[in-house]
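First residue of the sequence shown: 1, per the UniProt record's numbering; consecutive thereafter.
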Amino acid sequence: MTENQRIALALGCILLWLLWVLYLYLQYRRTLRGALRLQSSQVEDSVLIAYASQSGTAATLARQSADHLGASQPVTLLPLSQVSSDTLRTVRKALFVVATYGEGEPPDNGQRFARKFLGHSSGASGEVATLDLSHLSYSVVALGDSTYERFCAFGQRLFDGMAALGARALDPLHKVDRAQGDTGALASVMPAWFRASPAMTHDRAPPAKKPVIWWRLAERVLLNTGSPGAPLFELTLRAVSDCPRWRAGDVFELQPRQPRAVVAGWLARHQLDANEWVVVAGRGQTLQAWLRERRLPGGRFSREKLLCGDFSEFPLLPMREYSVASCSAEKALKLIVRQQADSHGNLGLGSGWLTEFCEVGELFGGRLRENSHCHTPDHSRPLLMVGAGSGLAGLRAQLAERAAEASLQGGAGPVWLVYGERCAESDRPLAREVETWQQQGILSRCDRVFSRGASDQPGYVQDVLAAHAQDLCRFLARGADIYVCGNRDGMGQGVDRVLRQQLGDREVTSLLENGRYRRDLY
Numbered sequence: 001m002t003e004n005q006r007i008a009l010a011l012g013c014i015l016l017w018l019l020w021v022l023y024l025y026l027q028y029r030r031t032l033r034g035a036l037r038l039q040s041s042q043v044e045d046s047v048l049i050a051y052a053s054q055s056g057t058a059a060t061l062a063r064q065s066a067d068h069l070g071a072s073q074p075v076t077l078l079p080l081s082q083v084s085s086d087t088l089r090t091v092r093k094a095l096f097v098v099a100t101y102g103e104g105e106p107p108d109n110g111q112r113f114a115r116k117f118l119g120h121s122s123g124a125s126g127e128v129a130t131l132d133l134s135h136l137s138y139s140v141v142a143l144g145d146s147t148y149e150r151f152c153a154f155g156q157r158l159f160d161g162m163a164a165l166g167a168r169a170l171d172p173l174h175k176v177d178r179a180q181g182d183t184g185a186l187a188s189v190m191p192a193w194f195r196a197s198p199a200m201t202h203d204r205a206p207p208a209k210k211p212v213i214w215w216r217l218a219e220r221v222l223l224n225t226g227s228p229g230a231p232l233f234e235l236t237l238r239a240v241s242d243c244p245r246w247r248a249g250d251v252f253e254l255q256p257r258q259p260r261a262v263v264a265g266w267l268a269r270h271q272l273d274a275n276e277w278v279v280v281a282g283r284g285q286t287l288q289a290w291l292r293e294r295r296l297p298g299g300r301f302s303r304e305k306l307l308c309g310d311f312s313e314f315p316l317l318p319m320r321e322y323s324v325a326s327c328s329a330e331k332a333l334k335l336i337v338r339q340q341a342d343s344h345g346n347l348g349l350g351s352g353w354l355t356e357f358c359e360v361g362e363l364f365g366g367r368l369r370e371n372s373h374c375h376t377p378d379h380s381r382p383l384l385m386v387g388a389g390s391g392l393a394g395l396r397a398q399l400a401e402r403a404a405e406a407s408l409q410g411g412a413g414p415v416w417l418v419y420g421e422r423c424a425e426s427d428r429p430l431a432r433e434v435e436t437w438q439q440q441g442i443l444s445r446c447d448r449v450f451s452r453g454a455s456d457q458p459g460y461v462q463d464v465l466a467a468h469a470q471d472l473c474r475f476l477a478r479g480a481d482i483y484v485c486g487n488r489d490g491m492g493q494g495v496d497r498v499l500r501q502q503l504g505d506r507e508v509t510s511l512l513e514n515g516r517y518r519r520d521l522y
């Protein structure tokens with residue numbers, strides 16, 4: 001081969017290599033343009049589902065919604081506290097699922113969003129004042145309790161606030177009344193566009209709620225014999241089948257029942273046989289047993305439908321919710337319930353069933369609901385626990401879970417418990433357990449306070465915190481978390497007020513937003 005032939009061959013190889021590189025480059029550009037078009041399409045079609053939840057109901061509903069829509073389109077699920085200006089700028093459609101806390105306030109994980117985006121325009125920051133959300137379409141599902149004067153007030157505030165920033169509402173504000181009981185099927189509480197989504201209209205059914213579990217009442221113990229206050233009971237429940245798992249802070253949803261005598265009397269008045277056997281969906285039990293979980297109409301009803309197992313005129317009694325008082329490691333679900341009664345002496349629907357009418361050994365239905373807002377993220381950190389009355393349930397669960405964690409991991413952070421009741425002589429529930437936890441080192445300090453105690457002693461838990469302000473500040477300076485459980489009015493508000501007096505509004509707000517100050521209040 002001559003020199004010229006070798007040069008020509010080399011040039012040909014170089015030319016072929018350059019053509020190959022050019023081909024790869026063009027392929028890369030084509031792929032990149034396709035990816036950018038796909039990304040742009042996904043951003044445009046994506047749905048933001050954001051939630052603000054205090055007791056876990058709104059968070060659960062939001063997660064169910066995300067699981068459902070995620071089958072057919074991109075979805076981003078975030079707590080409202082993590083929704084930023086950039087988040088709102090990059091999505092085209094948003095579904096907000098929010099609860100209202102107390103008298104019209106946002107839940108703790110909605111306060112940052114409310115302060116930043118829903119304030120008066122005169123007080124808005126420069127960033128928010130110039131935020132244009134005209135590209136955003138949105139819906140708001142607001143959970144609230146109609147027994148409160150400002151029903152779904154935060155949901156309304158969010159709905160109006162998004163409109164003020166230029167966003168377009170897809171439909172009117174969708175209000176869900178938790179006072180009516182179970183929120184029902186997912187489709188029934190969602191806006192119209194959600195119900196018309198591809199996943200709903202094609203082959204994928206919306207996710208069901210966790211199934212009701214059958215529980216047996218294993219033990220009922222009165223904790224405050226001789227107290228001038230209403231009776232306080234500890235209930236121990238055992239699952240009939242495999243025991244589910246839960247965390248301290250989670251919620252037990254109870255399906256209450258009517259007292260046997262009430263149902264028997266109603267059936268006798270309507271000349272119906274209480275022992276009539278009725279089969280529904282393959283499950284048979286007596287007519288009296290079916291009706292114990294349902295409202296009994298005072299007016300007319302169809303006897304034929306009733307005896308055929310059609311209970312459409314007999315809606316289920318509304319579910320009742322209680323903070324769990326034990327941890328999964330104990331293999332039993334404990335509740336601590338104060339017996340409630342109205343002005344006529346009639347016992348409350350849930351508390352009356354648990355503390356009076358349910359027989360030891362009897363079975364009933366209920367399910368557990370996750371409430372991650374009240375989970376303790378790190379048991380190695382110090383923990384200040386404050387509560388009163390039946391708020392002892394949440395406090396006991398945290399201590400039990402911490403004790404179980406310590407036995408596995410070899411230690412846990414110090415715990416300071418401040419707990420309030422009425423009288424020192426009769427109101428010392430779980431005294432032996434508390435003493436055991438102190439001896440084990442799980443509980444490093446315990447301050448019991450009594451509202452009817454000696455006049456020279458603090459009367460309420462917030463008074464103890466104020467009286468020991470230096471100890472409080474030193475304990476929190478060690479990186480302690482705060483967990484408050486009990487009645488919101490009085491105790492919960494009083495504790496929050498003292499914390500703000502001692503630490504300042506900015507620090508308390510920071511603790512709330514960072515999940516170090518958790519409130520399980522009712």
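Backbone N, C-alpha and C define an ideal beta-carbon position, used for all residues, glycine too. Predicted model only: the values in this text are computed from it and were never measured.
Determine the extent of the alpha helix (DSSP H) in which residue i is found, giving its start and end residues.
| i | result |
| --- | --- |
| H68 | T57 to L69 |
| Q501 | Q493 to L503 |
| residue 580 | Summary: the structure shown does not reach residue 580, with the chain confined to residues 1 through 522, and so no result is reported for it. |
| R402 | L392 to Q409 |
| E304 | R303 to L307 |
| V98 | V98 -> not in any alpha helix (DSSP H); beta strand (DSSP E) instead, spanning K93 to A99. |
| S323 | No alpha helix (DSSP H) contains S323, which is instead part of the beta strand (DSSP E) from R320 to S323. |
| V75 | First-last for V75: V75 to P79, but that is the beta strand (DSSP E), not the alpha helix (DSSP H). |
| Q258 | From DSSP, Q258 is part of no alpha helix (DSSP H); its letter is neither H nor E. |
| T87 | S85 to T90 |
Is DSSP giving residue i helix, strand or coil here?
| i | result |
| --- | --- |
| W266 | helix |
| Q440 | helix |
| V240 | coil |
| L16 | helix |
| L330 | Before going on, a small fix: residue 330 reads as Glu here, not Leu. If DSSP states are grouped into helix, strand and coil, E330 belongs with the helices. |
| L512 | helix |
| L133 | coil |
| R195 | helix |
| F450 | strand |
| F233 | strand |
| G299 | coil |
Whose C-beta lies closer than 7 Å to the C-beta of residue i among residues of the same chain, with five residues either side of it excluded?
| i | result |
| --- | --- |
| V221 | F233 and E234 |
| V337 | F233, L235, Y322, S351, L354, T355 and S390 |
Would you say residue i touches the ligand SAM, meaning its beta carbon is less than 6 Å from a heavy atom?
| i | result |
| --- | --- |
| Q470 | For the structure depicted, the ligand SAM is absent and the ligand set is empty, with no information on it obtainable. |
Decide if residue i is buried, meaning its Cβ has at least 16 other Cβ atoms within 10 Å, or exposed.
| i | result |
| --- | --- |
| A261 | exposed |
| G494 | buried |
| G284 | exposed |
| V212 | exposed |
| V279 | exposed |
| G110 | buried |
| V360 | exposed |
| Q255 | buried |
| V140 | buried |
| N371 | buried |
| Q156 | buried |
| I14 | exposed |
| T60 | buried |
| L307 | exposed |
Using DSSP bridges, identify the partner residues of residue i.
| i | result |
| --- | --- |
| M385 | L417 and Y483 |
| H174 | V141 |
| D520 | C485 |
| E105 | Y101 |
| L158 | Answer is none; L158 lacks a bridge partner. |
| L347 | A341 |
| R294 | L316 |
| A169 | Y138 |
Within the same chain, show all residues whose beta-carbon is closer than 6 Å to that of residue i, passing over the 5 residues directly before and after it, in chain order.
| i | result |
| --- | --- |
| G123 | Only weak support exists for where G123 lies, its pLDDT of 45 falling under 50; the value from the coordinates is given anyway. Contacts found: none. |
| E219 | T236 |
| F301 | E313 |
| G263 | The residue asked about is misnamed: residue 263 is Val in this sequence, not Gly. Counting only Cβ-Cβ distances below 6 Å, and skipping sequence neighbours, we find Q288, L291 and R292. |
| K175 | A142 and C152 |
| T286 | N275 |
Leaving out five residues before and five after residue i in sequence, what residues of the same chain have Cβ atoms less than 8 Å from its Cβ?
| i | result |
| --- | --- |
| D177 | G144, D145, S146 and F151 |
| R168 | S134, L136, S137 and Y138 |
| T57 | A99, L143, R178, T183 and R369 |
| Q339 | A230, P231, L232, F233, L347, G348, S351, G352, T355 and E356 |
| V91 | V43, S46, V47, L48, T76 and L136 |
Tell me the residue span of the beta strand (DSSP E) that contains residue i.
| i | result |
| --- | --- |
| E253 | V251 to L254 |
| W215 | I213 to L222 |
| R367 | L363 to R369 |
| V280 | W277 to V280 |
| A50 | V47 to A52 |
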